[in-house]
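Q: Structure incoming, see below.
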């Protein structure tokens, strides 16, 4: 069985197409009985604690909250948060399964680097938009 970890940030882009992409991808892949899906939402301000919810036997949502002291957005804090994300996922990532990590946001890079240090599983990275597009106000 293939286990797919789909990473999504609680970023503004989730309201402008990435969220739809992830919903459509997840819905399509659930029609394949040999795929198990974990949607990992990090920097999730809706949750105060790490949470794993089984929606079906093959579909899970993992919610990782934003750190309480996220005032300083520097690379050291991003790396610390990425390590925390990888540590929280460690029990879910089994060494015996065929795992694929699917990244969807440019800020996934610190998490991706930590995961690649620890695991040899393949990564799919999708570019949905360019960083400069964040300067504009949505789809106006």
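Numbering (our numbering), first residue to last: 22 to 161. Ideal Cβ positions, reconstructed from N, Cα and C, are used throughout, including at glycine. Fair warning: this is a prediction, and the values are worked out from it, not measured in the lab.
Within its chain, find whatever has a CB closer than 6 Å to the CB of residue 146; leave out the 5 residues flanking it on each side and keep chain order.
A: Once the five neighbours on either side are set aside, the close Cβ partners of residue 146 are 124.
Q: Applying the criterion that 16 or more other CB atoms from any shown protein chain within 10 Å of the CB defines a buried residue, is residue 29 buried or exposed?
A: It is buried - the Cβ of residue 29 has at least 16 other Cβ atoms within 10 Å.
Q: Among 61, 60, 78, 63, which one has its Cα closest to the Cα of residue 54?
A: It is 78 whose Cα lies nearest to the Cα of residue 54.
Q: My output table needs one value for residue 25: the three-state DSSP class, helix, strand or coil.
A: Residue 25 falls in the strand class under three-state DSSP.
Q: Does the beta-carbon of residue 129 have 16 or more other beta-carbons within 10 angstroms, so that it is buried, or is it exposed?
A: Burial call: buried.
Q: In whole angstroms, give me the CA-to-CA distance for residue 43 and residue 134.
A: Taking the straight line joining both Cα atoms gives about 22 Å.
Q: Nearest to residue 63 by alpha carbon, out of 26, 141, 139, 112?
A: Out of 26, 141, 139, 112, 26 has the C-alpha closest to the C-alpha of residue 63.
Q: Pull up the distance between the alpha-carbon of residue 105 and that of residue 49, whole angstroms please.
A: If I take the Cα positions, the gap works out to 30 Å.
Q: Identify, in the order they occur along the chain, each residue of the same chain with its Cβ nearer than 6 Å to the Cβ of residue 143, setting aside the five sequence neighbours on each side.
A: For residue 143, where only same-chain residues beyond five positions count, the Cβ hits under 6 Å are 121.
Q: Three-state secondary structure (DSSP) at residue 63?
A: Strand at residue 63.
Q: If you reduce the DSSP assignment to three classes, tell me which class residue 114 lands in.
A: If DSSP states are grouped into helix, strand and coil, residue 114 belongs with coil.
Q: Please give me, in chain order, every unbroken run of the beta strand (DSSP E) with length at least 3 that falls completely inside the stretch 72-145.
A: The qualifying runs are 72-75, 80-86, 119-124.
Q: Could you pull the start and end residues of the alpha helix (DSSP H) that residue 46 belongs to?
A: Residues 39-50.
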